[in-house]
Amino acid sequence: MRDRLPGSQLIPLVTGAGLFALVTRAILSLPGESAGLSVRVTETAAENGISNVVTAVLLDFRGYDTLLEIAVLMLVTVAVFSLRETTMSPTPLSERPGPVLGALTRTVIPVMLLVAGHFVWIGSSRPGGAFQAGAVIGAAGILLALSGYSRPKWVGPRAISWVLSIGLLVFVGVAVYPVLLGEELLQYPAESRKALILVIEALLTLSIGASLVSLFIASASPRVQGDRE
Amino acid sequence: MTLVDHLPAALIMTPLAGAALTFVTRRRWDPALVMVTAVVITGLALALSVRVLAEGAFRYRLGGWGAPLGIDLVADGISALFVLLAAVVGLAATAYATSYFGTGDEDAYGRGLVWALWLFLWTALNALFLTGDVFNVYVCLELVGISAVALVTLGGGADALRAGARYLFASMLGAMTYLLGVALLYSATGHLDMATLGSAPTQGIAASTGLVLMVSALVLKTALVPVHFWLPTAHAAAPSPVSAVLSALVVKGSYYVILRLVLDVTYPGQLPGLDVTLGALGAASIVWGSVQALLQTRVKLLVAYSTVAQIGYLFVAIPLMRADGGIVGVAVTAAAAHAVSHGLAKAGFFLSAGSLQHRFGHDRISEMAGAARTTPVLAMACAVAGVTMMGLPPSGGFVAKWLLILTSINVGQWWWAAVMIAGGLLSAAYTFRLVAVFVAEGAGDPGDAHHPARTEWLPLLLASAAALLAFAIPQIDTLVRIGMNLGRAEVLP
Amino acid sequence: MMLAFDVLLAALLVWIAFGSLSELKLFKSVVMFVVFGLFMALAWVRLGAPDVALAEAAIGAGVTGALMLDAVGHMRERQQPYPASATEQGTPDA
Amino acid sequence: MSSHLVYALVGGLLFSIGTYGLIVRPHMIHKIISTNFMGSGVFLVLIGLGNRTPSGVPDPVPQAMVLTGIVVTVALTALSLAIAKRYFSLTGRGDISEHREERVG
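These protein sequences, in sequence, are chains A, B, C and D. Just so we're aligned, residue 1 is where the first sequence starts under our numbering, counting upward by one. Just so we're aligned, residue 1001 is where the second sequence starts under our numbering, counting upward by one. Just so we're aligned, residue 2001 is where the third sequence starts under our numbering, counting upward by one. Just so we're aligned, residue 3001 is where the fourth sequence starts under our numbering, counting upward by one.
See below:
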């Protein structure tokens, strides 16, 4: 470390310690029990037939947060695209997979896809759901990229852009659909609520998975040739 | 429900859909698509203001659940005013940007991704101005922060990247601290909806700590002295239409949330000292920002420091709003008027600074002598924007500062008035310094720079609107008071 | 008994975080960060949040870790070849 | 003291450590790791305190907020890493301090 003024070390230390003291004091001042919104949420979710209450909060009660969150994901992908040094080339990220990694990938990827599908399917009743499934798909895609599988030629930046935008556009469409029926934004009609939520779950899974993979591919530097012009 | 009831939702969904579309459409369609979107948003924003003026404030219950279970959008006077400000500045910046970014270089400005980023930013600002939920504010703040940082780094040079990175880290520190505050507030109260939080305020250390953390985080994001370090470099390094939007709108976004928290969520006396602290930081910003602006040698840095100073006035208004134990309506009107007039004038200031930079090929003040002769429209725009910064009549800045000074004398806190008067003199100094160079004898611009001359009148238009805003103060006053729980009815002096 | 386990896990989290930030070598810091993510997933299970645990394991430890390792690798590869002149600033708005 | 309170308090500590690291450590990668620790700290506070329900079943609302927060945090991390890499390619430096000190990963 370089020599610094004593004050430049002291201020962050005091900030950190002060924050900790402040938060500790606040946490210890809280009553031992508090229901928050849990009772109301659990009852309403049960009436609507979704037994995984977390999924109900994410996709139904606070579905608007989730819509904006998908927007965050797509926005970051756009931002990372705009920061790339070169246009995307179908160059594999690493030279070629070693025998172990290759074999591992061939076994693990199908299992990961199965797990993701499983998460989406059971998401309304047990732990799991679009977020986890999307994350698993994202991890599977990154594993593929790392172990040297190049993108097929037809999966150019355009195709990736389309997948990402369609995810967001369909979500916007599903959100606006109730408005056409005279309801509020994101207010799914009772008879099609479960179906629409499943549609959103599937869509979210693809969107989250595609965003995570493209964040990695778009920002990862090809290892074989230098990528500077 | 009729169609007008959906205006708050439409104001968020329109730019969002536009952003998703520009990401996939062909590049040569983008400017047209964005322009159409901007016009539609402006129409919607006008309609929202008309609707709020005619029928009063209303809430939009997303998903039909309604608070506290769901998330509500809130359309009242202040939110309608800020949405309208964003629309006007946004429309002008879009029109300016269509020629600014229309260079032939395919790789410039993020390969045309600027349009998607800009519409995401607009989505985020509208969402921020309309939301009534403290956790949703967090998501909106992140959307604002990410799109703003990405727009700053579009220049692509090392300086832009460093400025963008500093901005991003400040923004992340702010967002995390805000979320920690929300965590404590929710744990103490069990609610996330601002109106619910405000109607049944919870006593106690945890709720107060949460609110203090949230406000501190927003202060960092609004770049008040002493946590303003990230703003000048970021605003100066960004492409000029982006600088205009950042200075005019983005810093107002976090200020708007502070306003909401102070007016809607906290009850008087809940956080003793907070109002005065915010006012004192605001006063420090006025002095420090103005002095720094006076010392700068580059136009864009001068304009950026002037933003730090002008934001200070918005915070000096906060202790005055709470001066009588309730809410002093005049001070709220003054703050809103100042936010609007500064937004318009600063956008004009930055756009003309950007055009000058294009014309001259640099933005060093000392080498701009003769600009008034060769680029009269741009020099004029800077001067007219300066009228608002100084607070001369009939600008909106004049009325805002006048009302704030009167209020501070009325409630016996004359020291705020002293700082504001000093700030006015300092801003006069930095404006005159700039104008003096422009009108001095000199060669003017080299005259060979590629330049979008057809949008040069836009900055002058924005600056003039700010300079004439005094005539619209009665309307602003009426609008701002709609839906506000005013402690004491007051009449404009 | 379970309280002892929780205290131990919590202490471990703090220790890894502290170690990761006081480590000067980037690669080691990132590896400690990934380990931290795995222990966080354990903490989420203990807190009755299996949904969060799954997300943390896949995103927190997996995707974030891969992104960070890639960035560190990128910086390692390119340490030398850029001359100091590249660091001087250009005009911000050219 | 109950378990969830331990996690909430440690969450506060992690947040403070992260804040300190974000301000003090010069290298961008360290700063990014610091923000992730801050995020984990906040999430622990949220879910730890959400476990105080009388029924003993954790409050689902903080869990939903944390899931949103995790996805937002990974997005921010990806963006900041992309900026850090691009900056490193241009300058050969990993820190963004004002003084131009020479230090690389």
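C-beta: ideal position from N, C-alpha, C; glycine also.
When you compare each of the options to residue i by their alpha carbons, which one comes out closest?
i, options, result
"L186/A", "Y64/A, L206/A and W162/A", "Y64/A"
"L1117/B", "V41/A, T55/A, E33/A and L83/A", "L83/A"
"T24/A", "V3057/D, G3048/D and G3094/D", "G3048/D"
"L2042/C", "V2031/C, V2030/C and A2055/C", "A2055/C"
"L212/A", "I11/A, I50/A, L164/A and L181/A", "L164/A"
"L146/A", "S29/A, L28/A, R40/A and L101/A", "L101/A"
"V3010/D", "E69/A, A21/A, L10/A and Q9/A", "A21/A"
"W2044/C", "A2053/C, F2005/C and G2037/C", "A2053/C"
"L1479/B", "F1082/B, T1042/B and M1035/B", "F1082/B"
"F2018/C", "L2003/C, M2002/C, V2035/C and F2005/C", "V2035/C"
"W162/A", "P189/A, H118/A, A210/A and A46/A", "A210/A"
"D1005/B", "R1028/B, V1040/B, R1061/B and F1432/B", "R1061/B"
Keeping to the same chain, check which residues put their C-beta closer than 8 Å to that of residue i; ignore five residues upstream and five downstream.
i, result
"T1297/B", "R1364, I1365 and S1366"
"L1084/B", "A1045, L1046, L1048 and S1049"
"M1172/B", "G1145"
"Q1413/B", "P1319, L1320 and A1323"
"L143/A", "T105, V108, I109 and M112"
"F171/A", "L67, I70, I200, L203, L204 and S207"
"L1033/B", "G1018, L1021, T1022, T1025 and W1115"
Quick one: residues in its chain with C-beta nearer than 7 Å to the C-beta of residue i, no 5 flanking neighbours on either side, listed in chain order?
i, result
"A1309/B", "S1285, I1286, G1289, S1290, A1293, G1423 and S1427"
"V1384/B", "L1460, A1463, S1464 and A1467"
"A1429/B", "L1294"
"V14/A", "none"
"G123/A", "N52, T55, G129, A130 and E201"
"R3025/D", "K3031 and S3034"
Is the Cβ-Cβ distance between residue i and residue j less than 8 Å?
i, j, result
"S1099/B", "T1455/B", "yes"
"V1089/B", "V1250/B", "no"
"L1259/B", "L1213/B", "no"
"L59/A", "I197/A", "yes"
"F3037/D", "V3066/D", "no"
"R2046/C", "S3003/D", "yes"
"I3032/D", "S3080/D", "yes"
"V174/A", "A3064/D", "no"
"P3054/D", "G2048/C", "no"
"A1470/B", "P1393/B", "yes"
"L2026/C", "V2072/C", "yes"
Using 8 Å for Cβ pairs, my map puts residue i next to residue j. What's the rounded Cβ distance?
i, j, result
"A1075/B", "A1057/B", "6 Å"
"L1143/B", "A1124/B", "4 Å"
"A1369/B", "E1441/B", "7 Å"
"A1020/B", "L169/A", "5 Å"
"I1482/B", "G1077/B", "4 Å"
"G3069/D", "M3028/D", "Contact flag wrong, Cβ pair sits at about 22 Å."
"T77/A", "S214/A", "5 Å"
"F1169/B", "L3022/D", "6 Å"
"M2068/C", "V2030/C", "5 Å"
"F2039/C", "L2012/C", "6 Å"
"A79/A", "A1150/B", "4 Å"
"L3046/D", "P3060/D", "Incorrect: roughly 12 Å between the Cβ atoms, too far for contact."
Who are residue i's beta bridge partners in DSSP?
i, result
"T1131/B", "L1073/B"
"R1364/B", "R1298/B"
"H3027/D", "D3095/D"
"F2039/C", "Per DSSP, none; premise fails for F2039/C."
"F1058/B", "A1075/B"
"D1193/B", "D1133/B"
Ignore the nearest five residues each way along the sequence and tell me which others in residue i's own chain have a CB closer than 6 Å to its CB.
i, result
"Y1096/B", "P1241, L1351, T1455 and L1458"
"I1405/B", "A1417 and M1420"
"T87/A", "Low confidence applies here, because T87/A scores a pLDDT of 49, under 50, leaving its location unreliable; read the following figure in that light. So no residue of the chain qualifies."
"L1130/B", "P1008, L1073 and S1079"
"F1438/B", "A1371, A1372 and A1379"
"K1221/B", "G1174 and S1254"
"I50/A", "A56 and S124"
What residues from chain G crowd round residue i, counting only those whose CB sits closer than 8 Å?
i, result
"P12/A", "As a matter of chain content, chain G is missing from the structure shown, whose protein chains are A, B, C and D."
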